[in-house]
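Note sheet for the following structure.
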Ligand code: C2O
Ligand code: CU
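In the numbering used here, the protein residues as written are -19 to 447.
Dropping the structure here:
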């Protein structure tokens, strides 16, 4: 297991394989390493300390809470490894960590009051479980609105044998930001920040309802963008992750197309598009061919349904002299072909039995209620171990809702019958319908909630409970 900096000195031997440091898997056969080889399988663990910290956002020192860096250290394991993370709490508040997209035993899921006692200030808790499934995941605090601060990071589980051929990879984490900025009015041009702006400017398409002054890519504002290096002819793998509390994103790279290979970490038949749309909690892995002769290209991140802009820069080696794109330069690809669920075909569909699901929940999403109920005054959704369960959601509200199920991978039902396997799925506003199937194979109490954390705080949560 590896983690990006900073980490305790005793863990130094695990450092160095983070995307920020240019982590590269060489294409083809050299990526097919024998099992149990390489530093990423080193047993042991990582310590994450949640604490107040300051981040530098283009020259402004902003107070926040985090795990030492923004995003937190990247955790990397290989399929079948054991994740072992000791969480130390130096916050003035309870905290926990949830492993978004993983399916750990229930007591490791990090939901305070449901799967564990919250970790009180000054206390520690060790998360430890096996990670059999490869993919692009995230970790984040799961107490109140803590996720809206810097308490999040990427978690990558590499397969034992990599099928994709690529030269370099980068994790690209997208976030909306307003924490600690009250004392910094005027920072960031887009979106506004006053109380009167604190409403939804485009409720027909918006994922959220609040105004955020900054959009960050890997913790960096557009004036100080992260640089993704490449060489002509290289194939890049990007793991694009939306950890925002309130913002859906559109993502594209000027002069380049995106070949989607995974959604929420799970493999799909490759499909080439111009742009991604990611609800909060969703991830896409894409391959990018570095076909340009050189230069520096805008990696553009646009908020869905409202103002707001973030970016990174894709820079070809040998192009150090060419100036980066202007901050606001918008790739035309953002208006091109968007990835859509019906276009995605699962490469590893769930092993659903024949016939019909044993249980079907048909739930209206109205306001911030699920099936007419608002957590904690909400009935659990019972399931029995081994069952095939279907959940259908009808969104009659004016907001998009990215709905996330803990502890399971589900398969989205699309006309092909082989829809993508995911853990978070966005249900469009005003009449959107999404239906998914899952196998109840992981006993416990599992949250099913909107990953707009404001909606979640407003009670847009149910519990899938094994009997
Ligand atoms: Cu990523 Cu309950 O959430
Ligand atoms: Cu919602």
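Ideal Cβ positions, reconstructed from N, Cα and C, are used throughout, including at glycine.
Close-in-space but distant-in-sequence residues of the same chain around residue i (CB under 6 Å, 5 per side omitted)
| i | result |
| --- | --- |
| residue 447 | 362 and 364 |
| residue 338 | 367 and 368 |
| residue 92 | 76, 98 and 123 |
| residue 164 | Confidence in residue 164 is poor, its pLDDT being 45 and thus under 50, which makes the residue's placement unreliable; the coordinate value appears in the next sentence. 40. |
| residue 183 | The predicted model places residue 183 with a pLDDT of 36, which falls under 50 and marks its position as unreliable; any figure quoted below should be read in that light. Closer than 6 Å at the Cβ level, and outside the excluded window around residue 183, lie 378. |
| residue 223 | 118, 132, 153 and 155 |
| residue 6 | In this prediction, residue 6 has a pLDDT of 24, which is less than 50 and means its spatial position is unreliable; nothing more can be read from the coordinates. |
| residue 343 | 350, 351 and 373 |
| residue 354 | 439 |
Sequence-distant residues of the same chain with beta carbon closer than 8 Å to residue i, five excluded per side
| i | result |
| --- | --- |
| residue 318 | 230, 253, 254, 255, 256 and 257 |
| residue 2 | With a pLDDT of 27 at residue 2, under the threshold of 50, the modelled position of that residue is not reliable, and no figure is offered here. |
| residue 101 | 69, 70, 71, 72, 73 and 74 |
| residue 454 | Summary: the structure shown does not reach residue 454, with the chain confined to residues -19 through 447, and so no result is reported for it. |
Pair within 8 Å by beta-carbon distance, residue i and residue j
| i | j | result |
| --- | --- | --- |
| residue 119 | residue 80 | yes |
| residue 449 | residue 220 | Examination of residue 449 is not possible in this model, given that the chain is present from -19 through 447 alone. |
| residue 292 | residue 195 | no |
| residue 405 | residue 329 | no |
| residue 409 | residue 377 | yes |
| residue 349 | residue 124 | no |
| residue 116 | residue 245 | yes |
| residue 228 | residue 426 | no |
| residue 304 | residue 276 | yes |
| residue 211 | residue 297 | yes |
| residue 232 | residue 274 | no |
| residue 141 | residue 213 | no |
| residue 414 | residue 428 | no |
| residue 207 | residue 295 | yes |
| residue 417 | residue 393 | yes |
Contacting residues, own chain, Cβ-Cβ under 7 Å from residue i (five flanking each side not counted)
| i | result |
| --- | --- |
| residue -1 | Confidence is the limiting factor: at residue -1 the pLDDT is only 30, short of 50, which leaves the residue's position unreliable, though a coordinate-based value still follows. Contacts found: 54, 149, 150 and 151. |
| residue 25 | -19, 64, 65 and 66 |
| residue 85 | 109 |
| residue 202 | 289, 290, 291 and 307 |
| residue 43 | 32, 34 and 160 |
| residue 248 | 240, 241, 242, 324, 325, 326, 327 and 400 |
| residue 51 | 132, 133, 134, 153, 198 and 199 |
| residue 111 | 57, 59, 61, 63, 82 and 137 |
| residue 435 | 348 and 381 |
| residue 314 | 230, 232, 255, 280 and 282 |
| residue 126 | 45 and 75 |
Which listed residue (the options) has its alpha carbon closest to that of residue i
| i | options | result |
| --- | --- | --- |
| residue 49 | 134, 25 and 103 | 134 |
| residue 27 | 92, 77 and 240 | 77 |
| residue 107 | 121, 114, 116 and 113 | 121 |
| residue 391 | 223, 371 and 353 | 371 |
| residue 145 | 215, 394 and 247 | 215 |
| residue 351 | 430, 87 and 197 | 430 |
| residue 411 | 207, 374, 34 and 90 | 374 |
| residue 156 | 114, 141 and 199 | 199 |
| residue 432 | 83, 128 and 32 | 128 |
| residue 30 | 213, 131 and 397 | 131 |
| residue 161 | 248, 413 and 45 | 45 |
| residue 36 | 314, 224 and 204 | 204 |
| residue 234 | 421, 261, 442 and 278 | 278 |
| residue 260 | 418, 95 and 407 | 407 |
| residue 158 | 94, 95, 114 and 226 | 226 |
| residue 397 | 89, 334 and 82 | 334 |
| residue 251 | 237, 262 and 263 | 237 |
| residue 439 | 193, 88 and 345 | 345 |
| residue 320 | 262, 354, 126 and 421 | 262 |
| residue 420 | 299, 354, 302 and 340 | 340 |
In chain order, each beta strand (DSSP E) run of at least 3 residues that lies wholly inside the region 339 to 393: With a minimum length of 3 residues, the continuous beta strand (DSSP E) runs that stay inside the region 339 to 393 are 339 to 346, 361 to 363, 368 to 375, 381 to 385 and 390 to 392.
For the region 352 to 360 against the region 383 to 390, are there 3 or more C-beta pairs whose distance is under 8 Å? The region 352 to 360 makes no contact with the region 383 to 390: fewer than 3 CB pairs, one atom from each, lie closer than 8 Å.
Entirely within the region 222 to 254 and at least 3 residues each: give me those beta strand (DSSP E) ranges in chain order. Counting only runs of 3 or more, we get 229 to 233, 238 to 243 and 246 to 253.
Give, in chain order, every unbroken run of the beta strand (DSSP E) that is at least 3 residues long and sits entirely within the region 256 to 328. Counting only runs of 3+ residues, the beta strand (DSSP E) found wholly inside the region 256 to 328 occupies 256 to 258, 263 to 269, 276 to 283 and 289 to 296, in chain order.
Unbroken beta strand (DSSP E) runs of length 3 or more, entirely within the region 75 to 109: which are they? Counting whole runs of 3 or more residues, the region 75 to 109 contains the beta strand (DSSP E) stretches 77 to 80.
Complete beta strand (DSSP E) runs within the region 16 to 65 (minimum length 3 residues, chain order): As far as the region 16 to 65 is concerned, its whole beta strand (DSSP E) runs of at least 3 residues are 26 to 37, 40 to 46 and 55 to 58.
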